[in-house]
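Q:
Residue numbers (this note's numbering): 26 to 149.
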């Protein structure tokens, strides 16, 4: 849905990436409706969240299909801030909703986490 660049001074932000597979073509509208009206707003309420960005991939390199359908980036000040958020009721709500989406739409979700680095010139 957009491009997000680290602001000056935001180094080593800890980010969780949730990568969703593509639903069946017949389920895309229902998936998108649920994702944008329910799941993303739940994720945006997680405590300690510094930045939340979602992207719907529409194409891959050289005209190929994209490797994933959606990716959500949830950024926190530190790994400890993420770990604290994982203990919240809001986090439990997001996980419960993700599990229901996986079951309902037959999609998969992969998760990776790590520190975001600033490269030369990568600041605003």
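Backbone N, C-alpha and C define an ideal beta-carbon position, used for all residues, glycine too. What you are looking at is a predicted structure, and each value in this text was computed from that prediction instead of being measured.
Report back the beta-carbon spacing between residue 67 and residue 99 to the nearest angstrom; my notes put them in contact at under 8 Å.
A: Not confirmed; about 11 Å, so no contact.
Q: State buried or exposed for residue 126, treating a residue as buried only when at least 16 other CB atoms are found within 10 Å of its CB.
A: Buried, because 16 or more other Cβ atoms sit within 10 Å of the Cβ of residue 126.
Q: Mind the definition here: the segment 130-142 touches the segment 52-70 only if three or more C-beta pairs lie below 8 Å; say whether that holds.
A: Judged by Cβ distances under 8 Å, the segment 130-142 makes contact with the segment 52-70, as three or more pairs qualify.
Q: Going by the DSSP bridge assignment, what does residue 42 pair with across the sheet?
A: In DSSP, residue 42 forms a bridge with 98, 137.
Q: Assign residue 28 to buried or exposed, taking buried as 16 or more other Cβ atoms, counted over all protein chains shown, within 10 Å of its Cβ.
A: Low confidence applies here, because residue 28 scores a pLDDT of 35, under 50, leaving its location unreliable; read the following figure in that light. Burial call: exposed.
Q: So, helix, strand or coil for residue 56, using DSSP?
A: The answer is helix: DSSP assigns residue 56 an H, G or I state.
Q: Hey, residue 138 and residue 40 are a contact pair by Cβ (cut 8 Å); roughly how many whole angstroms apart?
A: About 7 Å separates the two Cβ atoms, so the contact holds.
Q: When the Cα of residue 44 is compared with those of 134, 141, 37, which residue comes out closest?
A: Checked all of 134, 141, 37; the closest Cα to residue 44 is 134.
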